[in-house]
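Residue numbers (the numbering used here): 83 to 308. Cβ atoms here follow ideal geometry from the backbone N, Cα and C, with glycine treated the same way. This one's a predicted model, so the numbers in the text were calculated from it and none came from an experiment.
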C-alpha cells in the first residue's frame, strides 16, 4: 500500500469529511474512527456501508484528474485555458469538465469526488444548485462548449448554501458503476450550475499543492469469506 494511486488505506478514505466519526451524528473528516464497515460519508457523517458494500474492503484507490477543461457559451468554438482555478457558474456560466482514469476493476463500494476551494474563492452569496453528470469521453485540448460531450445518466444535484466556503465532496458511486457497466476504464463528468447566480471556484489540476487538486476516492468491495 505504498503507491499514491492505489495504496491509500481504507481508514483514510474521504480524508476531508470532520473528525469525530462514531456511532452518533458527529461530524467527521476521516473514516478512521468510524469503525468496521462504516465510512465517513460525503455529508460528513459516519454511516454503515449498504450491501454489497458492507463486505471485506480492499485497499482504497485515489485518482487525480487525468484530463480537464472549462467551457463557456461566450467561447462556443474556443478552447478556454485553465490556470490553477476551476470556475463553475459565474458571469460566463462556466462548466467544469473532469476525467479520471484508469478505474480499477471490481465492485465499487463507495466513490467520492472531492474539490478543494481555490485560495481566492469568494463565498457563495446565495444558494447555488449544481448538476454533476457523467459524460462521454473528451479531450481537454480540443474541448469547447460547441464540442462539449453529451450528458449521460445517472446525474446528481447538490445545493451549496449561501456563505459556504468549504471542500466539496460528491458521492458519485452510481456514476462510477454506470461507467463500469459499459466496460469503461474512465469516469468523465461535467459540473454545471443549475440554479442561482454567482460562481464556485475550486483548485484545478494545475494547483501548486497536489493535495488541493480534484480527486476521486474509491473503496473497492470484496466478497465475504464463506
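The DSSP-derived three-state label of residue 275 is strand. Contact fails between the stretch 156-171 and the stretch 235-247, because fewer than three Cβ pairs, one in each stretch, are under 8 Å apart. Straight through space, the alpha carbons of residue 261 and residue 236 are spaced by roughly 10 Å.
In this structure, residue 226 sits away from residue 181, with a CB-CB distance that is not shorter than 9 Å.
Per DSSP, residue 233 lies in no alpha helix (DSSP H) segment; the continuous beta strand (DSSP E) that holds it begins and ends at 233-242. With respect to residue 217, residue 174 sits apart: the two C-beta atoms are not nearer than 9 Å. Taken atom to atom, the span from the alpha-carbon of residue 264 to that of residue 185 is near 12 Å.
Under a 10 Å Cβ-count criterion, residue 292 is classified as exposed, with fewer than 16 other Cβ atoms of the shown protein chains found around its own Cβ. With a cutoff of 9 Å on beta-carbon distance, residue 195 and residue 214 are scored as near each other. Between residue 255 and residue 297, the C-beta spacing is not below 9 Å. Between residue 153 and residue 177, the beta carbon gap of about 5 Å places them in contact (Cβ cut-off 8 Å). The three-state reading of DSSP puts residue 292 in helix, counting H, G and I together. Shown here for residue 156: same chain residues with a beta carbon closer than 7 Å to its own, the five before and five after excluded, namely 174 in chain order. Taking C-alpha positions only, residue 161 is separated from residue 150 by approximately 11 Å.
Approximately 5 Å separates the beta-carbon atoms of residue 295 and residue 287; this is inside 8 Å, confirming the contact.
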